[in-house]
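Q: Per my numbering, residue 2 is the first one in the sequence shown, and the count goes up by one each step.
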Amino acid sequence: MSNPDIIVIGAGLSGLCTALTLAQQNKHVFLIEQLDRFGGLCGQHDVNGHSYTIACNDFGNGMINSLKRLGVKTQFEKKKSRVFYEGETIDTPIDFMFLLKLMKSPQQFAALLKGIWQFRRTSPPLVTISDFTNAYLKPGRIKDIVEIPAYLMGTSPADFNLKYLAYETEYKYGYNNPGVPVGGPNQLVSDLVAACWDHGVTLLKNTKVTEVKEKGAHIEVTMNTAQKVSTISAAKVIDTRPHSKAYPPDTKQGMMLCQLRLLTKNHTFDSRYHTYLHYPKDGGNAMDRLDKGQWCAQFPFHFFPNPTSDNKYTAINVFFYQPRGITHLDEAKQQQLLDYILACIDKMLPKLSDSIVEHHFFDAQSFFDEFHQWPQVMPFIWHGNKPSNQTGSQHIFRGGHTAYPPGDHAGAAVLSAEIVSNLVMKETP
Numbered sequence: 002m003s004n005p006d007i008i009v010i011g012a013g014l015s016g017l018c019t020a021l022t023l024a025q026q027n028k029h030v031f032l033i034e035q036l037d038r039f040g041g042l043c044g045q046h047d048v049n050g051h052s053y054t055i056a057c058n059d060f061g062n063g064m065i066n067s068l069k070r071l072g073v074k075t076q077f078e079k080k081k082s083r084v085f086y087e088g089e090t091i092d093t094p095i096d097f098m099f100l101l102k103l104m105k106s107p108q109q110f111a112a113l114l115k116g117i118w119q120f121r122r123t124s125p126p127l128v129t130i131s132d133f134t135n136a137y138l139k140p141g142r143i144k145d146i147v148e149i150p151a152y153l154m155g156t157s158p159a160d161f162n163l164k165y166l167a168y169e170t171e172y173k174y175g176y177n178n179p180g181v182p183v184g185g186p187n188q189l190v191s192d193l194v195a196a197c198w199d200h201g202v203t204l205l206k207n208t209k210v211t212e213v214k215e216k217g218a219h220i221e222v223t224m225n226t227a228q229k230v231s232t233i234s235a236a237k238v239i240d241t242r243p244h245s246k247a248y249p250p251d252t253k254q255g256m257m258l259c260q261l262r263l264l265t266k267n268h269t270f271d272s273r274y275h276t277y278l279h280y281p282k283d284g285g286n287a288m289d290r291l292d293k294g295q296w297c298a299q300f301p302f303h304f305f306p307n308p309t310s311d312n313k314y315t316a317i318n319v320f321f322y323q324p325r326g327i328t329h330l331d332e333a334k335q336q337q338l339l340d341y342i343l344a345c346i347d348k349m350l351p352k353l354s355d356s357i358v359e360h361h362f363f364d365a366q367s368f369f370d371e372f373h374q375w376p377q378v379m380p381f382i383w384h385g386n387k388p389s390n391q392t393g394s395q396h397i398f399r400g401g402h403t404a405y406p407p408g409d410h411a412g413a414a415v416l417s418a419e420i421v422s423n424l425v426m427k428e429t430p
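(1) Compare the C-alpha of N318 against each of F363, F372 and Y165 and name the closest.
(2) Below 7 angstroms CB to CB, which residues in the same chain sit around A411 once its five sequence neighbours on both sides are set aside?
(3) Quick check: what's the CA-CA separation for R83 versus V425?
(4) Note down, one range per segment and in chain order, each alpha helix (DSSP H) of at least 4 residues found wholly within the region 259 to 329.
(5) Label D132 either buried or exposed according to how many other C-beta atoms from any shown protein chain fall within 10 Å of its C-beta, with 16 as the threshold for buried.
(6) Can you tell me which residues form a DSSP beta bridge with A235?
(7) Beta-carbon separation of E169 and P158 under 9 angstroms?
(8) Which one of N225, V210 and T226 has the shortest CA to CA distance from I239?
(9) Using the C-alpha atoms, what's the distance from S231 back to L113?
(10) Within 10 angstroms of its Cβ, does L453 collect 16 or more other Cβ (buried), or is it exposed?
(11) First and last residue of the beta strand (DSSP E) that includes K79?
(12) Using only CA atoms, which one of G408, L416, E419 and N423 lies nearest to A151?
(13) Apart from the five residues just before and just after T315, which ones in its own chain have a Cβ nearer than 6 angstroms to its Cβ?
(14) Taking all protein chains shown into account, do 16 or more other C-beta atoms lie within 10 angstroms of the C-beta of S394, making it buried, or fewer, making it exposed?
(15) Distance, Cα to Cα, G326 vs G294?
(16) Whole angstroms is fine: what's the gap from R70's alpha carbon to Q188's?
(17) Over what stretch of residues does the beta strand (DSSP E) that includes Q31 continue unbroken?
(18) Apply the 10 Å Cβ neighbour rule to K28 and answer buried if 16 or more other Cβ atoms are within range, or exposed otherwise.
(19) I need the DSSP call for G11, collapsed to helix, strand or coil.
(20) Where in the region 19 to 59 do unbroken runs of the alpha helix (DSSP H), each at least 4 residues long, occur, reported from the N-terminal end onward?
(21) Do you know offhand how far T134's Cα is from R242's?
(22) If you count every other CB in all the chains shown that lies within 10 Å of the CB of S245, and 16 or more means buried, which is it?
(23) Under a three-way DSSP split, which group does E171 fall into?
(24) Within 10 angstroms of its Cβ, does P351 collect 16 or more other Cβ (buried), or is it exposed?
(25) Excluding the five sequence neighbours on either side, which residues of its own chain have a C-beta within less than 8 angstroms of the C-beta of H396, listed in chain order?
(26) Are any of the Cβ atoms in chain D nearer than 9 angstroms to that of N225?
(27) Is it buried or exposed for A20, if we count other Cβ within 10 angstroms and need 16 for buried?
(28) Helix or strand or just coil, what does DSSP make of T226?
(29) Under DSSP, the alpha helix (DSSP H) around G116 begins and ends at which residues?
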């Protein structure tokens, strides 16, 4: 095995895009993945012959455009999301109808506009979304709707930094109008892997990197497989694994997601929609309680059907957050959660629950056991700058969604690939 020019560690979306970008610059690239599959949190997991999404499922325009520039063949289709709140529905992308619905609460809508106009000049500055809502809004409908982004990122409103709303335009992520890959996340990963192969990337799976060590002008990387331990060297190494050591040791982490996987028979979904979100009254308070490690009677959750070629069965992912510190669900808690979720779904999409023929929970501990990482949207709740793509070494770089740029989603991971690849190419002869 000849040594490559560049080694990329971790074959999630960031690692795949990094390897592909550098290979297109005529670099010999090794891409090393410890799991038995490529894609990281992007992909699908087969259960009893039916395919459920692992985590990532819809993607912003910024990432879609990046993939197009790389020549990745995946097609995306635009779909709406629908929020169900106290008997009313709100569709995204946000449009004029959304504003009209907010105007049904005229005093609080006026307070919201005032807050948007004034908050940047507030002293001391408002940092989190709860700082904003507590300063300008009374408890109720508009406050609840404004706090929904905290749910989407897996934090309490008190931990959701307002800067995350600005990142959407600053980094052109385009999540206000996302797309879903035709054929599902597995198709996206397959297309990325195929593009890497086509450009000469050497892809290694079931291979764990145990040491990265500078040795003169090169980096030695020690790899473990079931059969042997081996060492290879390269001029540059890009590590896209979670960078926990780049954050202070006491950094708070995001809440854990749990999945309820449902299988339906002979149910037809509205093809215009991808995600359905149940957000109860005082949903922000529910997220606060979950963050404190407490279950609550009513909590937000969202779900979506997975793409399928089966005309009879459809697999559905339901996502919700487990209380901080709880990673496993016993049977009694599972039944209680199932009863609540199905009762809510009955109001959201009547007749859907009648079509369910199979269900099972996939809690945070099960997810970790299967994929070797915890199911967190935001791994590190950190109000400072993201760890730099540069490590202080001329030869070792950071990539992935826990490094720069901020965003903590697939779009940030892919943009990180573009940024770190450019840095490497500037320093590579």
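Each residue gets a CB set at the ideal place from its N, CA and C atoms; glycine is no exception.
A: Per the coordinate set shown:
(1) Reading the sequence shown from its first residue, position 317 is the one you call residue 318. With distances taken between Cα atoms, N318 lies closest to F363.
(2) Along the sequence shown, one-based indexing puts residue 411 at 410. L14, C43, C57, F60 and M64.
(3) Here the question's residue 83 lines up with position 82 in the sequence shown. Here the question's residue 425 lines up with position 424 in the sequence shown. So the alpha carbons of these two residues sit roughly 42 angstroms apart.
(4) 284 to 292
(5) As a position in the sequence shown, residue 132 is number 131, starting the count at 1. By the 10 Å Cβ count, D132 comes out buried.
(6) Against the sequence shown, residue 235 aligns to sequence position 234. According to DSSP, A235 bridges with I220.
(7) Translated into positions along the sequence shown, residue 169 becomes position 168. Translated into positions along the sequence shown, residue 158 becomes position 157. Cβ atoms of E169 and P158: not closer than 9 angstroms.
(8) For the purposes of this step, residue 239 is taken as the residue at position 238 of the sequence shown. Comparing Cα-Cα distances from I239 to each of N225, V210 and T226, the minimum goes to V210.
(9) Taking the sequence shown and counting its residues from 1, one reaches residue 113 at position 112. Taking the sequence shown and counting its residues from 1, one reaches residue 231 at position 230. So the two alpha carbons sit approximately 59 angstroms from each other.
(10) Look at the range of the chain in this structure, 2 to 430, and you will see that residue 453 is not part of it.
(11) Position 78 of the sequence shown, counted from the start, is the residue given in the question as residue 79. Counting along the chain, the beta strand (DSSP E) containing K79 begins and ends at F77 to K79.
(12) Residue numbering aside, residue 151 sits at position 150 when the sequence shown is read from its first letter. Checking every option, the nearest Cα to that of A151 belongs to G408.
(13) The residue labelled residue 315 in the question sits at position 314 within the sequence shown. T265, P306 and T309, listed in sequence order.
(14) One-based indexing of the sequence shown puts residue 394 at position 393. Classification of S394: exposed, given that the 10 Å Cβ count is below 16.
(15) In the sequence shown, counting from the first residue as 1, residue 326 sits at position 325. In the sequence shown, counting from the first residue as 1, residue 294 sits at position 293. Approximately 6 angstroms between the Cα atoms of the pair.
(16) Your numbering for residue 70 matches position 69 in the sequence shown. Your numbering for residue 188 matches position 187 in the sequence shown. So the alpha carbons of these two residues sit roughly 18 angstroms apart.
(17) For this step, residue 31 is matched to residue 30 along the sequence shown. Note that residue 31 corresponds to Phe in the displayed sequence, not to Gln. Segment V30 to I33, the beta strand (DSSP E) holding F31.
(18) Working through the sequence shown from its first residue, we reach residue 28 at position 27. Burial call: buried.
(19) Position 10 of the sequence shown, counted from the start, is the residue given in the question as residue 11. Of the three classes helix, strand and coil, the one that applies to G11 here is coil, per DSSP.
(20) none
(21) On the sequence shown, position 133 is the one that residue 134 refers to. On the sequence shown, position 241 is the one that residue 242 refers to. If you take the alpha carbons of T134 and R242, they lie about 35 angstroms apart.
(22) As a first step, residue 245 must be located in the sequence shown, where it is residue number 244. Under this definition S245 is an exposed residue.
(23) For the purposes of this step, residue 171 is identified with residue 170 of the sequence shown, where counting begins at 1. Note: E171 maps to helix in three-state DSSP.
(24) Counted from its first residue, the sequence shown places residue 351 at position 350. P351 should be labelled exposed.
(25) Here the question's residue 396 lines up with position 395 in the sequence shown. Around H396: E215, A218, H219, I220, A236, K237 and V238.
(26) Any reference to chain D falls outside this structure, which holds one protein chain only.
(27) Numbered from its first residue, the sequence shown carries residue 20 at position 19. A20 should be labelled buried.
(28) As a working mapping, residue 226 is identified with position 225 in the sequence shown. Looking at T226 - three-state DSSP - the assignment turns out to be coil, as it is neither helix nor strand.
(29) Here residue 116 refers to the residue found at position 115 of the sequence shown. Segment P107 to Q119, the alpha helix (DSSP H) holding G116.
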